[in-house]
Each structure stands twice: as C-alpha cells, then as structure tokens.
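S.K.: Residue numbers (the numbering used here), protein chains in the order written: chain A, 212 to 417; chain W, 212 to 417.
C-beta atoms are modelled at their ideal positions from N, C-alpha and C, and glycine is treated no differently.
Input: one structure, supplied below.
Number of protein chains: 2
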Amino acid sequence: MTETQEKILDTAERLIGEQGYAATSLRQIIAEAGVNLAAVHYHFGSKEDLLDAAVVRKAGPVNEARIAALDRVEQEAGEGQLDIDDVLDCFFRPMADVTRRNQKFVRLMGRIYSEGLMPQIVQKHFQPTMGRFLAAFRRALPELPEEELLWRVHFMVGAMAHTMCGPSSLPGLMDAPVDIPRRIERLQAFLSGGFRAPIAAAGEKK
Amino acid sequence: MTETQEKILDTAERLIGEQGYAATSLRQIIAEAGVNLAAVHYHFGSKEDLLDAAVVRKAGPVNEARIAALDRVEQEAGEGQLDIDDVLDCFFRPMADVTRRNQKFVRLMGRIYSEGLMPQIVQKHFQPTMGRFLAAFRRALPELPEEELLWRVHFMVGAMAHTMCGPSSLPGLMDAPVDIPRRIERLQAFLSGGFRAPIAAAGEKK
DNA sequence: CAATATTTCAAACGACTGATTGAATCATAC
DNA sequence: GTATGATTCAATCAGTCGTTTGAAATATTG
C-alpha cells in the first residue's frame, strides 16, 4: 500500500462519508488528496472500485472482530440461550473501537447503507457477517417469528446508519460534541429495548 | 397545478425516492415524465426548488394530520402524563395512511432524511412538527434526560428513513411483498420498546 | 378575429463528469 | 551506468450535468 493509495483512500473515505457517493467527484477527491487524477484509475480502476477498496480496507477488520467476539460469547453460552445485549455488544463494540481512532470510516459505512445505491457492496462485504449475527439474534430471541426478527434487524441497521452519518438535524444535537462511542452506547440501549418489545398486533384500529 | 407540473412532481418524487437526489438527473425525470426540459425551470426554477416543491406538496398534509392527532391526544390527557404509544401513533399513523394511497412519497421522505444533503429542506418542512412532537415525547417520558430523549428521537428518524427507503437488503426481506403500513406497525412497536428502555451506563467496560 | 399572456419546444451554453492516453519521471536491479 | 519496470503527470476524450435562450405553439382575454 503506497502513500498515494492511502491518501486517495483516506480522502475518499472522508468526502464520500460526508457528501455521499454520487455527490462526490473524483476531481474533488484528488484535489484534496494532492494526487493526480489518473492515479485513481491506475491504482483502483474506477470510481466504484475505489469505493469498494475504501470499504473493504476498514470493514474487513471490524467484521472479523465482530465474528471473533460472537465466537467467544457463543462458546461461553454453550447450549444455553444467548443474551440479546451480548449479541448487540458483539456487533457494536468493534465499531465503537475503530471509531475511537477514526471517526471518518463509520460515517462512510453509514452512507453506504443509507444511500443504498450499491447493494452489491453491502452484499459482498457485510452479508457474511450479517448471516452470522442473524443466527445469533435468532438464538437470543427464539420467541420472535423470523419475519419480525428480520425487520427488527433492518430497523437496527437504519438507526445505526443514520446515527453514524453525521450530526443530527435536531436542534439540541447540532452543536453537541461528537462523541461517537457514547452515541453507540445510547443506540445500543435503545435497540435492546426495541428487540425485547412485544410484537405489534396486525391491523389494529386503536 | 397544471398537468405538466403534476407529471414532473410525480416523476421526481418517484425517481429521487428510488435513486437519491444527486444520482437523479433532470433529463431522466423529464424523459420519464414526457415533458420538455425547460418546463422544469419554467415551473419550478431549479432542481433544488423542484425537490422542495415535491416535498412540500405531500409533507404538508401529513404533518397537519400529525399535529391534529397530537392535539386530540393531548386534550384527552389533560394535565396527566402522555402515553408514548399514543405519541408514536400520532406520528406514524398519518404516514401510514398516505402510504396506503401512494408508496412513492414515503420513499422520497426517507431519502430526504438519509441523504442528509438538504438540511434546509428538513428544517423548513419538518422542524415545526418535530418541535411539537419533541414536547410530546418529553411529556410522555419525563424521567428521560433531555439529551437522551433527543438521541432516541434521532434513532427513530433513522430507523424510519431506512425502513421507508426501499426493500431491505436482508436476504429474507428482499422479495417480501411491500406492505408498508404493516412495516410501520412493526416499526412502531420496536420504537416503543426502544423509548422505554433503561438508559445506558456511560463508559461501561462489561 | 385580434391581441395578449401563458406554456412548450429544440437548441445551445459553459461547466463538470469518469475515463484514457502517451510521454515524463522515478525507483529498482543488473 | 544503463536498462527495466512502476508510477506520476498534463492533456484530452466523449458524454452528461443544470441552466438559459428565443422562437413556436397554445390558451386566454378584449
């Protein structure tokens, strides 16, 4: 990994995280990175491959740490039931850890999910981890029907993506200090309550 | 409101909702709407103003219905405490209602929030309603510190935006029938549990 | 019908997009 | 020291972007 490649990846990670993929041009990236335009295509091939490289560089270690933590928790549990808070912890703690060193990547991840324009990237880099965690959620919440479980994981991803993307648009949070690990703690507690909630009755009219 | 204007707004609502604002070009909109390119600028002024018009057209009635529902619930409660489920119902039921007639707008709303590139639009059209609901959430959850409450509302918006944006990327939900009102019921139950959850201890190390 | 106002149209504007080229520069190895 | 490969560079490609223009077409009014 040359210095040029790292400068490109760092800048792409930051700018795409802040502005989105479609709204960020290669020329803006290379200008702020201080490299030549052709270097992007020489090292990465295309704009889409650049995003892929930026994601895989950071997502790989995070997902490995998630799986490792889940392995540990599942081993401790043996045949018994899993605790939903432990599963959530396995999922969010590695993200909080990497965030302590670098706030930019988690915003890129939020964009990836929110923008939703690159399902193949989500598929390639996050789906295997998601599969493992879906199984863990099932074990932690065996009374939840499969479809309800999938939706609740979907809600979790949405809340996470929006939370990681940037400062809140709510008046009181705009100028709050950006303490993302604390944010993740709050999110985790909120999601824990959500996962434990009773299922909505279908078609209730009040 | 001429037929041309409606065709433009309908198509913009659909395409921007599906693809995002930056990724959708005016030429794609006018091609699918079957109108001339200049008509967009003649009727709306600019691309940004077009988005604004598409939002205000549908968001206005939804937010009015939300406020009306909240008025009713608050009147019934008198001086007493509000029920969080009632407040959530005031917020989500008008959205579910409009969704039963038109699924496109709620996806556009999701995009607006997710893309986060137009804080001024969110500010202009959603902030007044949000202010009323923040006060209601405070009354329903008086034991929650202000900052925690703001974050939980933020999580709610994120889960909502992601859920409204489109089909889930989770394997089991990709080909599920798109029953958005049912989706909203599930989301509401999930959020109810989240809002009631105990607050996370700060900096817990497990 | 004539006159006025509103709306539509094809054409073009300059700026910007992602991508490509071939020569220049650098590093490494013989 | 020179040959070889890897990397950087300015210049340019064809295409698209949002926006503007002025003339044609349509609708409205007197």
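1. Is the Cβ of Gly245 (chain A) closer than 8 Å to any Cβ of chain W?
2. Under a CB-based cut-off of 8 Å, is Cys301 (chain A) close to chain W?
3. Can you list, in chain order, the residues of the segment 301-333 of chain A whose Cβ is nearer than 8 Å to any Cβ on chain W?
4. Would you identify the three-state DSSP class for Leu384 (chain A), choosing helix, strand or coil?
5. Where does the unbroken alpha helix (DSSP H) through Ile240 (chain A) begin, and where does it stop?
6. Enumerate in chain order the residues of its own chain whose CB-to-CB distance from Arg350 (chain A) is below 7 Å, with the five nearest sequence positions on each side excluded.
7. When the Cα atoms are used, what is the spatial distance from Arg397 (chain W) to Ala233 (chain W)?
8. Starting from Gly289 (chain A), follow the alpha helix (DSSP H) in both directions and report where the run begins and ends.
9. Less than 8 Å between CB atoms is the rule here; does Leu402 (chain W) satisfy it with respect to chain A?
10. Please name the residue, chosen from W:Gly271, W:Thr235, W:Glu217 and W:Ala270, that lies closest to Gly245 (chain W) on a Cα-to-Cα basis.
11. Hey, Thr215 (chain W) and Leu226 (chain W): beta-carbon distance below 8 Å or not?
12. Using a Cβ-Cβ cutoff of less than 6 Å, which residues in the same chain neighbour Ala372 (chain W) once the five nearest sequence positions on both sides are dropped?
13. Would you say Arg363 (chain W) lies against chain A (beta-carbon separation less than 8 Å)?
14. Starting from Phe366 (chain A), find everything on chain W with Cβ-Cβ shorter than 7 Å and list it in chain order.
15. Are the C-beta of Leu384 (chain W) and some C-beta of chain A separated by less than 8 Å?
16. Can you name the residues of chain W whose CB is closer than 7 Å to the CB of Pro184 (chain A)?
17. Between A:Arg407, A:Asp282 and A:Gly414, which has its C-alpha nearest Asp296 (chain A)'s C-alpha?
18. Can you tell me whether Lys417 (chain A) is helix, strand or coil according to DSSP?
19. I want to know whether the segment 349-368 of chain A touches the segment 354-365 of chain W - three or more CB-CB distances under 8 Å.
20. My parser needs the alpha helix (DSSP H) runs of 4 or more residues fully inside the segment 298-374 of chain W; what are they?
21. Hey, Gly418 (chain A) and Gly369 (chain W) are a contact pair by Cβ (cut 8 Å); roughly how many whole angstroms apart?
22. Enumerate in chain order the residues of its own chain whose CB-to-CB distance from Ile278 (chain A) is below 7 Å, with the five nearest sequence positions on each side excluded.
23. Whose Cβ in chain A lies nearer than 9 Å to the Cβ of Arg393 (chain W)?
24. By the DSSP assignment, the alpha helix (DSSP H) with Ile410 (chain A) in it spans what residues?
25. Glu224 (chain A): buried (16+ other C-beta within 10 angstroms of its C-beta) or exposed?
26. Do you know whose CA, among W:Lys315, W:Arg393, W:Val298 and W:Ala249, lies nearest Gln348 (chain W)'s CA?
27. Taking C-beta to C-beta, are Leu248 (chain W) and Leu261 (chain W) nearer than 8 Å?
28. Does the beta-carbon distance from Phe255 (chain A) to Ala242 (chain A) come in below 8 Å?
29. I'd like to know whether the C-beta of Lys417 (chain W) is nearer than 8 Å to at least one C-beta of chain A.
30. Tell me the rounded alpha-carbon separation between Leu421 (chain A) and Gln338 (chain A).
31. Secondary structure at Val389 (chain W), three-state DSSP: helix, strand or coil?
32. How about His336 (chain A) and Val266 (chain A): do their beta carbons lie closer than 8 Å?
33. By the DSSP assignment, the alpha helix (DSSP H) with Ala223 (chain A) in it spans what residues?
34. How far does the alpha helix (DSSP H) with Ala250 (chain A) in it extend, from its first residue to its last?
35. Find the residues of chain W that neighbour Glu357 (chain A), judging by a C-beta separation of less than 7 Å, and give them in chain order.
36. Among residues of its own chain, excluding the 5 on either side of Phe303 (chain W), which ones have a beta-carbon nearer than 6 Å to its beta-carbon?
M.R.: With the structure as the only source:
1. False, the Cβ-Cβ gap to chain W never drops below 8 Å.
2. For Cys301 (chain A), the answer is no, since every Cβ of chain W falls outside 8 Å of its Cβ.
3. Flagged, chain order: Tyr324, Ser325, Glu326, Gly327, Leu328, Pro330 and Val333.
4. Per DSSP, reduced to three states, the secondary structure at Leu384 (chain A) is helical.
5. It spans Leu237 to Ala244 - the alpha helix (DSSP H) in which Ile240 (chain A) sits, taken as one unbroken run.
6. By the criterion of a C-beta distance shorter than 7 Å, Arg350 (chain A) is surrounded in its chain by Gln292 and Leu293, once the five residues flanking it on both sides are discounted.
7. A direct Cα-Cα distance of roughly 31 Å separates Arg397 (chain W) from Ala233 (chain W).
8. That residue, Gly289 (chain A), is in no alpha helix (DSSP H); it is neither H nor E in DSSP.
9. With 8 Å as the cut-off, Leu402 (chain W) counts as an interface residue toward chain A.
10. Looking from the CA of Gly245 (chain W), the closest CA among W:Gly271, W:Thr235, W:Glu217 and W:Ala270 belongs to W:Glu217.
11. In this structure, Thr215 (chain W) lies away from Leu226 (chain W), with their beta-carbon atoms at least 8 Å apart.
12. These residues qualify, in order along the chain: Gly321, Tyr324 and Ser325.
13. It does; some Cβ of chain A falls within 8 Å.
14. By Cβ distance, chain W contributes Ala370, Thr374, Leu398 and Phe401.
15. True, the Cβ-Cβ gap to chain A drops below 8 Å.
16. The displayed coordinates of chain A run from 212 to 417. Any statement about residue 184 (chain A) would go beyond what the structure contains.
17. Looking only at A:Arg407, A:Asp282 and A:Gly414, the smallest Cα-Cα distance to Asp296 (chain A) is reached by A:Arg407.
18. Here Lys417 (chain A) scores only 43 on pLDDT, less than 50, and its place in the model should not be relied on; the value that follows carries that caveat. Coil, per DSSP.
19. Fewer than three beta-carbon pairs drawn from the segment 349-368 of chain A and the segment 354-365 of chain W are found closer than 8 Å, and the two stretches are therefore not classed as touching.
20. As far as the segment 298-374 of chain W is concerned, its whole alpha helix (DSSP H) runs of at least 4 residues are 314-326 and 330-351.
21. Nothing about residue 418 (chain A) can be read from this structure; chain A reaches only from 212 to 417.
22. Closer than 7 Å at Cβ, skipping near neighbours: Thr340 and Arg343.
23. Using a Cβ-Cβ cut-off of 9 Å, Arg393 (chain W) is close to Ala411, Ala413 and Gly414 of chain A, given in chain order.
24. Here Ile410 (chain A) belongs to no alpha helix (DSSP H), and DSSP marks it neither H nor E.
25. The residue in question, Glu224 (chain A), is buried, as its Cβ has 16 or more Cβ neighbours within 10 Å.
26. The question names Gln, yet the displayed sequence has Phe at residue 348 (chain W). Measuring from the Cα of Phe348 (chain W), the nearest candidate turns out to be W:Val298.
27. Contact flag unset, no.
28. Cβ distance not < 8 Å, so Phe255 (chain A) and Ala242 (chain A) don't count as in contact.
29. For Lys417 (chain W), the predicted structure reports a pLDDT of 43, less than 50, and the residue's modelled location is therefore unreliable. A value from the coordinates is still provided. Yes, Lys417 (chain W) counts as interfacial toward chain A.
30. In the structure as shown, chain A starts at 212 and stops at 417, and residue 421 (chain A) therefore has no counterpart that could be examined.
31. Coil.
32. The Cβ atoms of His336 (chain A) and Val266 (chain A) sit closer than 8 Å to each other.
33. Here the alpha helix (DSSP H) through Ala223 (chain A) covers Glu214 to Gln230.
34. In this chain, the alpha helix (DSSP H) harbouring Ala250 (chain A) covers Leu248 to Phe255.
35. Scanning chain W for C-beta atoms nearer than 7 Å to the C-beta of Glu357 (chain A) yields Gly383, reported in chain order.
36. Once the five neighbours on either side are set aside, the close Cβ partners of Phe303 (chain W) are Ile395 and Gln399.
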